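In UniProt numbering, the protein residues as written are 1 to 287. Using N, Cα and C, we set each Cβ at its ideal position, and we do this for glycine too. This one's a predicted model, so the numbers in the text were calculated from it and none came from an experiment.
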């Protein structure tokens, strides 16, 4: 694969462009953190030239993934870009000749809003401190997602972490395999992104009729027909993610459904906080 020509790496079927190296570095630096050192360290580890102009898309995904493993705020931003690159890779591999979604002013406005939103370093630091992407906690969060789907009668349940530019899936039941391989979805496709702004439960009973999501690629191509989600709010007041369900048919979600999701969301926050406290205690003992 040649080096990245961003204007060429576009999926017309999903109206989606692969991130360029410039996009990645711009996001990594969005909170003012120093990014040159982790970038160079990742390139050295992978035996790659650290000049962004020399990287293929596959190289860029490897660099972003490696920086992401370093943790912290920069690590979360790198994870977000890795999800965006992996989304392009997974969908491009299908080699589909699907029709592009029709142009829609509301969708374009939402996409632009979500792509250009200024990151909150405090919120990202809260996510980093909670460490929700740890493999150790994945079985517990998968169980939460399964219970959420079962209690609401939905096809899919998920626990998502709202990053910058993407949402990362940390617990799932019934989710499409390509999303699992990508690790999440772009922020502009995320129904959960609304919850970050409103801090309230969000319900879309008929996505095909919804002004913001009727041409969302997850609706237009991937079969999402309805959605309900509630926020994960930490004791410090930060919305770090959601507990949500998705169905393949339009449907209403009841107050009982939202109460069930709220209970599962509380379980997620409690689990993450317990793990944070345990890490702090271990740190005190080792110190």
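Item: Determine, using beta-carbon pairs with one atom in the stretch 48–65 and one in the stretch 141–149, whether at least three such pairs fall under 8 Å.; Value: no
Item: Quick check: what's the CA-CA separation for residue 12 versus residue 64?; Value: 24 Å
Item: For residue 32, collect the residues of the same chain with a Cβ closer than 8 Å to its Cβ; drop the 5 residues on either side in sequence, then sort them by chain order.; Value: 121
Item: Whole angstroms are fine: how far does the CA of residue 253 sit from the CA of residue 46?; Value: 47 Å
Item: May I have the straight-line CA-CA distance separating residue 132 from residue 82, to the nearest angstrom?; Value: 17 Å
Item: Within a Cβ cutoff of 7 Å, which residues of the same chain sit near residue 247, ignoring the five residues on either side of it in sequence?; Value: 154, 155, 225 and 226
Item: Can you tell me whether residue 291 is helix, strand or coil according to DSSP?; Value: No answer is possible for residue 291: the residues shown for the chain start at 1 and end at 287.
Item: With residue 241 as the anchor, note down where its beta strand (DSSP E) starts and where it stops.; Value: 239–247
Item: For chain B, is any of its Cβ atoms less than 8 Å away from the one on residue 155?; Value: The chain labelled as chain B is not found in the depicted structure, where only one protein chain is given.
Item: I'd like to check one pair, residue 178 with residue 112: are the Cβ atoms closer than 8 Å?; Value: no
Item: Please give me, in chain order, every unbroken run of the beta strand (DSSP E) with length at least 3 that falls completely inside the UniProt domain "GAF" (136–279).; Value: 156–162, 166–173, 184–186, 202–204, 226–233 and 239–247
Item: In this structure, what does DSSP give as the bridge partners for residue 11?; Value: 16
Item: Do residue 77 and residue 59 count as a contact pair if the criterion is CB distance below 8 Å?; Value: no
Item: Short of 6 Å in beta carbon distance, which residues of its chain neighbour residue 249, apart from the five on each side in sequence? Order them along the chain.; Value: 225
Item: If residue 87 and residue 187 are in contact, beta carbons under 8 Å, what's the gap, nearest whole angstrom?; Value: Actually they do not touch by this definition, with Cβ atoms about 11 Å apart.
Item: Just confirm the distance between the C-beta atoms of residue 276 and residue 129, as a whole number of angstroms; I'd bet it's less than 8 Å.; Value: 6 Å
Item: Going by C-alpha distance, which of 242, 221, 24 and 160 is nearest residue 102?; Value: 221
Item: In angstroms, rounded to a whole number, what distance separates the CA positions of residue 282 and residue 159?; Value: 27 Å
Item: Would you identify the three-state DSSP class for residue 56, choosing helix, strand or coil?; Value: strand
Item: Does residue 70 come out as helix, strand or coil in the three-state DSSP assignment?; Value: coil
Item: Kindly list the residues whose CB is nearer than 7 Å to the CB of residue 29, restricted to its own chain and excluding five residues on each side of it in sequence; keep chain order.; Value: 35
Item: Using CA coordinates, which residue listed in 73, 251 and 127 is at the minimum distance from residue 326?; Value: Here the chain has residues from 1 to 287 only, and residue 326 is not among them.
Item: Taking C-alpha atoms, which residue in 180, 233, 235 and 203 lies nearest to residue 245?; Value: 203
Item: Could you tell me whether the Cβ atoms of residue 148 and residue 42 are closer together than 8 Å?; Value: no
Item: For residue 184 and residue 166, what's the separation of their Cα atoms in angstroms?; Value: 7 Å
Item: Take the Cβ of residue 198 as the centre, count every other Cβ of all protein chains shown within 10 Å, and call the residue buried at 16 or more, exposed below.; Value: exposed
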